[in-house]
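Below is one structure, written out as structure tokens, with a few remarks after it.
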DNA sequence: CGGTTCGTTGAAGAAAATCAAAACTCGTGG
DNA sequence: CCACGAGTTTTGATTTTCTTCAACGAACCG
């Protein structure tokens, strides 16, 4: 079992900057992004946006800093403007499950409970906007149309979580890694150009804790995918997609 | 790998009956239920409820009948009024992952996509209300306060799905079964009296496909929990909780 | 009563975990 | 510029957990 990670630094508050609840291209032909881009920003009229903006402050977190920890009172809501994080839960003996790797454009900390159920830890330098939870909730109450947008976000995350359930419950190690890499490629393609190269900001251990494997198995599986020439491993923790079709077949279980 | 299940009967339309989007006790001191109870019904004024009601028709499904299949156009939204179902996804070779076991009070078919990503199959006789998707969406558009309620539902299901990710990614067979049984006990306690007995409407294979195990492992694990006297297996596919505390410790990984 | 499905149990096998160690990366500082 | 050292990745050998295969008994049903 992996050792528990112990980081307790607070995210350092930054100076006020322009409010961007999403950094995504607004009309991009990617379902996930399209919904995100429509979220919040598109919903609010100029005057209301100003009011909303006044609720926020911006901040910055170093790699391995946590925006919040499992068990912390959920007092703030975060909107990531750049960088990426891991969102995880620890079992008492240190076993860890990473639920997601949130990126720019994602909301964090929107729990219904009084405390956070997950820890959000930066993988890279992260910029974010922060909203006091109470004022955020009050704002949502005053602007019913926000409810719909929050619903769209939650529904998307639910779909992703259930997809991950299929992966964790029924896929082999190769299928898991193939699926994971494809989601990364799709997320990258959605934001950037059609590069078939992504950088992995997370370690093998992080990937293992996301896919329900060990770091050794993840490493061996990378090697296996490289040997069969579906991907290439480039310097700088980057991965190139060589055969999308075969990787897709593998990911959904149509390939040995 | 388990053999694929092949059922293609349609849910039989029933006669008009009183609209109940939830059958849960409205003031029950259970978080999950409280939110559900507040959902929809509590949101609409009498006149609007009448309009909403006029959009629905009620129906009935036999065990093993499907309300909808993975890949079907998502034309209807369902609200379960009695009975329970399994919501699952099949891989091409027949591997199956059951995402959830929806019950009375749950909504089904609320996908953002054009088609359903999961199959909903009745475990027991199921009564439900049906709403044409388009009219449901239009209604939600006209009643912004509905968005907030949908968000609460989605957020709850997201929390449950992520809990299941921890289970599938990092728990042992015993821990998985313990966690699963506890959610069943909690759901039952929320609805009924404080009986520590639940009936399992699903087969061992269904449980296995929910927990990422095989039916043999599930069976062995039931035996193991029975031998250590945490639970008792009663006639009629019923399970009695004997030592809640120990089962809870086991479920969250504090026990061998 | 035979047929089917479901649940349990046993024995053998496999995928991934664990244990162990070498190779690589990258920042630091001599 | 290169050597050092901590952390990460890769690879190998062994073990474990769960799966697979197989058999049998119980419940159910026309």
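Protein chains in written order, with the UniProt record's numbering: chain A, 1 to 256; chain B, 1 to 256.
Glycine included, C-beta positions come from ideal geometry on N, C-alpha and C.
Every value quoted in this text rests on a predicted model; they were computed, and no experiment measured them.
Tell me, to the nearest whole angstrom, how far the beta carbon of residue i is from that of residue j; I am working on the premise that it is less than 8 Å.
i, j, result
"residue 156 of chain A", "residue 112 of chain B", "7 Å"
"residue 127 of chain B", "residue 84 of chain B", "Contact doesn't hold; Cβ gap of about 11 Å is too wide."
"residue 226 of chain A", "residue 234 of chain A", "Wrong, their Cβ atoms sit about 11 Å apart, outside the cutoff."
"residue 221 of chain A", "residue 173 of chain A", "5 Å"
"residue 253 of chain A", "residue 91 of chain B", "4 Å"
"residue 120 of chain A", "residue 62 of chain A", "That belief does not hold up - the Cβ atoms of residue 120 of chain A and residue 62 of chain A are roughly 13 Å apart, past 8 Å."
"residue 168 of chain B", "residue 168 of chain A", "4 Å"
In its own chain, which residues sit with a C-beta less than 8 Å from the C-beta of residue i, not counting the 5 before and 5 after it?
i, result
"residue 237 of chain A", "199, 200 and 201"
"residue 29 of chain B", "With a pLDDT of only 38 at residue 29 of chain B, under the threshold of 50, the placement of this residue in the model should not be trusted; the figure read from the coordinates follows. Cβ within range, chain order: n/a, list empty."
"residue 135 of chain A", "55"
"residue 258 of chain A", "Not covered by the structure: residue 258 of chain A. The range shown for chain A is 1 to 256."
"residue 185 of chain A", "196, 198, 241 and 244"
"residue 217 of chain B", "173 and 208"
"residue 203 of chain B", "215"
"residue 137 of chain A", "none"
Closest to residue i by C-alpha separation, out of the options, would be which residue?
i, options, result
"residue 160 of chain B", "B:255, B:69, B:101 and B:59", "B:101"
"residue 170 of chain A", "B:251, B:158, B:209 and B:107", "B:209"
"residue 251 of chain B", "B:232, B:197 and B:164", "B:164"
"residue 176 of chain B", "B:219, B:229 and B:86", "B:219"
"residue 230 of chain A", "A:217, A:213 and A:248", "A:248"
"residue 242 of chain A", "A:181, A:253 and A:206", "A:181"
"residue 196 of chain A", "A:143, A:117, A:214 and A:239", "A:239"
"residue 67 of chain B", "B:51, B:168 and B:130", "B:130"
"residue 76 of chain B", "B:94, B:117, B:132 and B:65", "B:132"
"residue 255 of chain B", "B:203, B:168 and B:178", "B:178"
"residue 51 of chain B", "B:99, B:186, B:118 and B:142", "B:142"
"residue 99 of chain A", "B:137, B:93, B:246 and B:166", "B:166"
"residue 118 of chain A", "B:60, B:162 and B:137", "B:162"
Below 6 Å CB to CB, which residues in the same chain sit around residue i once its five sequence neighbours on both sides are set aside?
i, result
"residue 244 of chain A", "none"
"residue 125 of chain A", "83"
"residue 246 of chain A", "230"
"residue 228 of chain B", "none"
"residue 183 of chain B", "none"
Interface residues of chain B around residue i at Cβ under 8 Å?
i, result
"residue 156 of chain A", "112"
"residue 218 of chain A", "The contacting residues do not exist; residue 218 of chain A stays about 13 Å from chain B at best."
"residue 204 of chain A", "None at all; the shortest Cβ gap to chain B is about 15 Å."
Residues of chain A with CB under 8 Å from residue i, in chain order?
i, result
"residue 252 of chain B", "91 and 92"
"residue 145 of chain B", "144 and 147"
"residue 162 of chain B", "89, 99, 117, 118 and 161"
Residues in its own chain within less than 7 Å of residue i by CB, not counting five upstream and five downstream?
i, result
"residue 115 of chain B", "71, 72, 73 and 74"
"residue 97 of chain A", "88, 89 and 209"
"residue 147 of chain A", "140"
"residue 224 of chain A", "174"
"residue 86 of chain A", "98, 101, 121, 123, 202 and 206"
Run through chain A and tell me which residues come within less than 9 Å of residue i, C-beta to C-beta.
i, result
"residue 159 of chain B", "111, 112, 113 and 117"
"residue 95 of chain B", "166, 169, 170, 171 and 253"
Which residues in chain A sit within 7 Å of residue i, going by Cβ to Cβ distance?
i, result
"residue 151 of chain B", "147, 150, 151 and 154"
"residue 212 of chain B", "168, 169 and 170"
Less than 7 Å separating the Cβ of residue i from some heavy atom of the ligand COA?
i, result
"residue 216 of chain A", "Of ligands this structure carries none, so the ligand COA is not represented either."
Checklist entry - Closer than 7 Å, Cβ to any Cβ of chain B: which residues of the segment 169-188 of chain A, in chain order? => result 169 and 170
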